[in-house]
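S.K.: Residues 1 to 634 in UniProt numbering are what the sequence shown lists, from first letter to last. Pasting in a structure now, in structure tokens, and then I'll have a few things to ask.
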Amino acid sequence: MDEVSSIYGIDPNDLINNRGLLRSIFNVYDHTILVVELAFSSSGALNALPIMFANSAAQRLFQTSLSSQADLLSLDISFHSGQSWENFINRSLGDETCEEEVLYNINGVRKSGQMVVLKVSNTKLIILLKDIKPSDIDPQIATLRTLDNKTECMLNFGSWEYDVDAGSMYWSKGMYQIFNLPDNSPVSADKYLDFAIPGDKLLIEEFIMRLKSSEYSFEQDLALNVQGKVKLIHVESSPIKNASGKICKVIGLNADITETVEFKKELSTQQHFIEQILQASPVLIDIYDLNREVFIYFSKEVSPFVGYTSDTMLSMRPEELQGLVDEDDKQRVLDFFNGFGAATDDDIRTIEYRIKAIDNTYRWLKVRAKVFMRDESGKVSQVICAVQDYTLTKDAEDRLRENEMMQLLLQRKDEFINIASHELKTPITTVKASLQILQRMMERQEREPVINVFLQKALSQTNKLVVLTRDLIDNAKLQSGKMRLNLEVFDLDTFLSEAIEEQMEGFEIIVENLVKRPIRADRRRLEQVLKNFLSNAAKYSPSADKIIVKAEEEINSFRISVKDFGIGIPDDKVSNVFDRFYRVDEKAVQFPGLGLGLHICAEIIKMHGGDYGVDSVFGEGSTFWFSIPDTTPH
Ligand code: ADP
1 MDEVSSIYGI
11 DPNDLINNRG
21 LLRSIFNVYD
31 HTILVVELAF
41 SSSGALNALP
51 IMFANSAAQR
61 LFQTSLSSQA
71 DLLSLDISFH
81 SGQSWENFIN
91 RSLGDETCEE
101 EVLYNINGVR
111 KSGQMVVLKV
121 SNTKLIILLK
131 DIKPSDIDPQ
141 IATLRTLDNK
151 TECMLNFGSW
161 EYDVDAGSMY
171 WSKGMYQIFN
181 LPDNSPVSAD
191 KYLDFAIPGD
201 KLLIEEFIMR
211 LKSSEYSFEQ
221 DLALNVQGKV
231 KLIHVESSPI
241 KNASGKICKV
251 IGLNADITET
261 VEFKKELSTQ
271 QHFIEQILQA
281 SPVLIDIYDL
291 NREVFIYFSK
301 EVSPFVGYTS
311 DTMLSMRPEE
321 LQGLVDEDDK
331 QRVLDFFNGF
341 GAATDDDIRT
351 IEYRIKAIDN
361 TYRWLKVRAK
371 VFMRDESGKV
381 SQVICAVQDY
391 TLTKDAEDRL
401 RENEMMQLLL
411 QRKDEFINIA
421 SHELKTPITT
431 VKASLQILQR
441 MMERQEREPV
451 INVFLQKALS
461 QTNKLVVLTR
471 DLIDNAKLQS
481 GKMRLNLEVF
491 DLDTFLSEAI
501 EEQMEGFEII
511 VENLVKRPIR
521 ADRRRLEQVL
531 KNFLSNAAKY
541 SPSADKIIVK
551 AEEEINSFRI
561 SVKDFGIGIP
571 DDKVSNVFDR
581 FYRVDEKAVQ
591 FPGLGLGLHI
601 CAEIIKMHGG
611 DYGVDSVFGE
621 GSTFWFSIPD
631 TTPH
């Protein structure tokens with residue numbers, strides 16, 4: 001029984017024979033409809049498929065290729081699955097309907113379509129060829145496409161669809177606009193070649209091959225010549241699979257990025273320029289985020305500065321970064337950055353501080369910083385800093401300073417030798433002269449009372465020499481750490497009267513001793529201190545005649561002070577008077593001295609574990625004092 005008649009209740013032979021009826025029915029269809037006959041060879045192989053009937057859609061499609069009784073096998077139609085016609089026909093003869101995707105190339109038009117075969121009889125088949133035409137597109141999709149076209153044109157991009165099987169290409173309106181072509185003019189994948197820049201042809205051919213082979217999604221930037229102007233087109237391409245998983249289409253986007261790229265290029269040229277400057281500069285630029293308390297940018301590798309790489313420094317937490325700053329500088333650095341809250345945009349602030357490098361050495365950094373960014377509320381959020389490794393300069397400065405100190409010491413030493421020789425010369429000359437006079441008097445057997453005067457002079461100058469020599473020896477002892485104390489218990493009353501005895505003519509010395517119990521100290525050394533205070537009090541009081549000596553008890557110590565009404569000491573010099581070789585007025589000849597006495601006193605007091613100092617009003621007088629802990633056994 002014929003199968004079509006069972007479906008439609010029509011005798012297919014009638015249909016075939018009545019061409020007028022067939023034509024009127026089949027011609028209303030937009031699809032290609034053919035009725036073919038099967039011609040087999042004597043061996044049973046399929047020989048030909050002569051076309052018995054072709055509807056008007058078929059006529060349009062095949063045009064001149066379709067002469068009467070044309071053999072369908074002679075047309076360029078192949079099966080997508082790769083099977084042969086014979087196989088397909090045999091299947092059609094067995095199955096109810098057979099459906100296959102086919103590729104056909106008719107009069108140079110490559111298309112793909114769907115072939116449906118209905119078996120009319122064992123020798124006749126109805127073939128329906130359905131290709132995908134714009135009219136097949138859902139009106140909604142068409143609307144979307146129109147909208148897309150409009151958006152594309154506005155945004156300078158276009159979309160395309162490449163039909164893998166048919167090898168045909170569809171371009172959206174945006175594509176035509178990018179390439180300056182009239183809308184809907186015929187295009188193919190090879191169209192890109194028309195825009196290839198001389199020398200780039202191979203590259204474009206490779207691109208087209210890549211697009212057609214369509215296995216994977218890809219992106220590529222193409223430089224193309226569009227009407228004499230080089231355009232940079234960014235292409236994105238993705239394959240689309242049909243229900244059976246086969247790639248049937250490649251869809252893609254083209255974006256004209258000429259302006260963006262040029263802009264980027266310009267920007268990157270500038271950036272490159274700045275980078276070169278930053279690289280060449282010995283100064284490191286960094287950006288510090290005040291809120292997060294971390295670095296967010298370094299202009300170059302920081303490892304030459306600190307040993308840590310820029311990446312490590314950028315990933316350090318606030319505590320880690322603060323840990324690198326030298327303990328003595330930490331608060332200052334924190335205050336420096338916190339202080340930026342109040343900075344104006346033009347403020348440039350500077351700070352020098354030490355940070356610990358990876359090898360635990362300290363580097364001196366000199367930082368110049370200014371506001372870089374503010375948040376929406378106007379609060380400073382980021383600070384930009386120019387950082388200089390100042391270590392070598394700092395070392396050099398330190399060495400210079402040490403050098404200067406050395407020079408100063410050497411100069412002081414020279415001065416000291418000058419002063420010392422002068423100090424020694426005066427009493428020696430006096431002693432010598434006195435002795436010569438005495439000698440002459442002795443020769444002449446003179447026994448004048450004046451002898452006593454000269455003896456007295458020689459004696460007092462000799463005493464000065466003794467003190468001077470003792471100071472020099474003490475200084476040497478202190479320098480070599482060889483001074484020792486001889487502690488003994490003694491009574492302050494006797495001590496004070498002995499120390500003051502024979503001292504300073506022309507001065508009234510008022511003694512007030514409030515310490516009524518024995519004390520324990522190096523008596524000889526303490527006497528040396530008190531005598532030094534007293535002789536200074538007299539020496540630096542040219543127009544006064546009174547000195548007050550006071551001894552008082554304190555908690556666990558006793559204190560002795562010597563108050564004079566002399567020249568006093570200027571405020572800015574007071575703190576230095578106990579320094580070695582220090583003299584308030586170095587050039588003063590009015591008050592000779594070596595600048596050693598008070599230094600030795602201070603050392604003696606320190607050896608006793610005591611304290612010392614001076615209260616002075618310039619022009620009114622000074623009170624020198626010392627206190628010694630009470631170590632007397634009770
Ligand atoms: P010098 O041998 O110069 O007196 P000292 O070490 O005893 O050395 O004193 C250091 C300096 O302190 C003195 O040069 C002097 O300028 C100052 N000085 C010491 N005692 C007094 C004082 N009673 N009044 C004013 N200045 C004093």
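Ideal Cβ placement from N, Cα and C applies to all residues, glycine included.
Report buried or exposed for Leu118, applying the criterion of at least 16 other Cβ atoms within 10 angstroms of its Cβ.
M.R.: buried
S.K.: Ile569: beta carbon under 7 Å from a heavy atom of ligand 1?
M.R.: Within 7 Å of the C-beta of Ile569 there is at least one heavy atom belonging to ligand 1.
S.K.: Mind checking Gly378: buried by the 16 CB within 10 Å criterion, or exposed?
M.R.: exposed
S.K.: Where does Arg349 sit, in a helix, a strand or coil, going by DSSP?
M.R.: strand
S.K.: I'd like the ranges of any alpha helix (DSSP H) spanning at least 4 consecutive residues and lying wholly in the segment 385-457.
M.R.: 391-443
S.K.: Please return the same chain residues whose Cβ sits closer than 7 Å to the Cβ of Lys249, not counting the five positions on each side in sequence.
M.R.: Glu161, Tyr162, Asp163, Val164, Ile240
S.K.: DSSP on Gln69, reduced to helix/strand/coil?
M.R.: For Gln69, the secondary structure class from DSSP, reduced to helix, strand or coil, is coil.
S.K.: Could you check whether the Cβ of Asn536 sits closer than 7 Å to any heavy atom belonging to ligand 1?
M.R.: yes
S.K.: So does Gly566 have its beta carbon nearer than 7 Å to some heavy atom of ligand 1?
M.R.: Gly566: yes, Cβ under 7 Å from ligand 1.
S.K.: From the beta carbon of Thr123, is the nearest beta carbon of chain D less than 8 Å away?
M.R.: Among the chains in the structure shown there is no chain D, since it carries only a single protein chain.
S.K.: Between Asp183, Val235, Leu253, Ile178, which has its C-alpha nearest Gln227's C-alpha?
M.R.: Ile178
S.K.: Which of the three DSSP states, helix, strand or coil, is assigned to Pro318?
M.R.: helix
S.K.: Which runs of the beta strand (DSSP E), 3 residues or longer, sit entirely within the segment 510-565?
M.R.: 519-521, 546-554, 557-564
S.K.: When you compare the CB positions of Tyr353 and Asp375, do they come within less than 8 Å of one another, or not?
M.R.: no
S.K.: Verify whether the separation of the beta carbon atoms of Glu215 and His234 is less than 8 Å.
M.R.: no
S.K.: In whole angstroms, give me the CA-to-CA distance for Ser135 and Gly113.
M.R.: For Ser135, the predicted structure reports a pLDDT of 40, less than 50, and the residue's modelled location is therefore unreliable. A value from the coordinates is still provided. Distance between the alpha carbons of Ser135 and Gly113: 14 Å.
S.K.: Under three-state DSSP, which class holds Gln177?
M.R.: helix
S.K.: Where do the N-terminal and C-terminal ends of the alpha helix (DSSP H) with residue 635 fall, by residue?
M.R.: Residue 635 cannot be examined here, being either before or after the span of the chain that is shown, 1 to 634.
S.K.: Quick check: is any heavy atom of ligand 2 less than 7 Å from the C-beta of Ser421?
M.R.: No copy of ligand 2 appears in this structure; the ligands present are ligand 1.
S.K.: If the criterion is Cβ atoms closer than 8 Å, does the pair Lys563 and Thr623 meet it?
M.R.: Yes; because the gap between Cβ atoms is below 8 Å, this pair is in contact.
S.K.: Spatial neighbours of Val294 within its chain, please: C-beta separation below 8 Å, excluding the five flanking residues on both sides.
M.R.: Counting only Cβ-Cβ distances below 8 Å, and skipping sequence neighbours, we find Tyr288, Leu314, Met316, Arg317, Pro318, Leu321.
S.K.: Considering just the uninterrupted stretch of the alpha helix (DSSP H) at Thr494, what are its terminal residues?
M.R.: 492-500
S.K.: So, do the segment 556-570 and the segment 529-546 have three or more beta carbon pairs nearer to each other than 8 Å?
M.R.: Yes, they touch.
S.K.: In three-state DSSP terms, what is Gln59?
M.R.: helix
S.K.: According to DSSP, is Glu301 part of a helix, a strand, or is it coil?
M.R.: coil
S.K.: Per DSSP, which one or two residues make a beta bridge with Ile287?
M.R.: Tyr297, Ile384
S.K.: Within 10 angstroms of its Cβ, does Met175 collect 16 or more other Cβ (buried), or is it exposed?
M.R.: buried
S.K.: Measuring from the CB of Arg444, is there a heavy atom of ligand 1 at a distance below 7 Å?
M.R.: no
S.K.: Between Leu222, Leu224, Gln279, Gly252, which has its C-alpha nearest Glu236's C-alpha?
M.R.: Gly252
S.K.: Go through its chain and collect everything with a Cβ distance to Asp389's Cβ below 7 Å, but skip five positions before and after it.
M.R.: Phe305, Arg363, Leu365
S.K.: Return the residue from the list Phe533, Asn556, Leu128 that minimises the CA-CA distance to Ile519.
M.R.: Asn556
S.K.: Would you check whether ligand 1 has a heavy atom nearer than 7 Å to the C-beta of Asp585?
M.R.: yes
S.K.: Where does Ile605 land, buried or exposed, given buried means 16+ other C-beta within 10 angstroms?
M.R.: Residue burial is scored here from C-beta neighbours: Ile605 has at least 16 other C-beta atoms within 10 angstroms and is therefore classed as buried.
S.K.: Using 7 Å as the cut-off, classify the Cβ of Ser622 as near or not near the heavy atoms of ligand 1, replying yes or no.
M.R.: For Ser622, the CB falls within less than 7 Å of some heavy atom of ligand 1.
S.K.: Just tell me which of Pro198, Leu485, Ala243, Ser217 has its CA closest to the CA of Asn225.
M.R.: Pro198
S.K.: Can you have a look at Lys482 and say buried or exposed, based on whether 16 or more other CB atoms are within 10 angstroms of its CB?
M.R.: exposed
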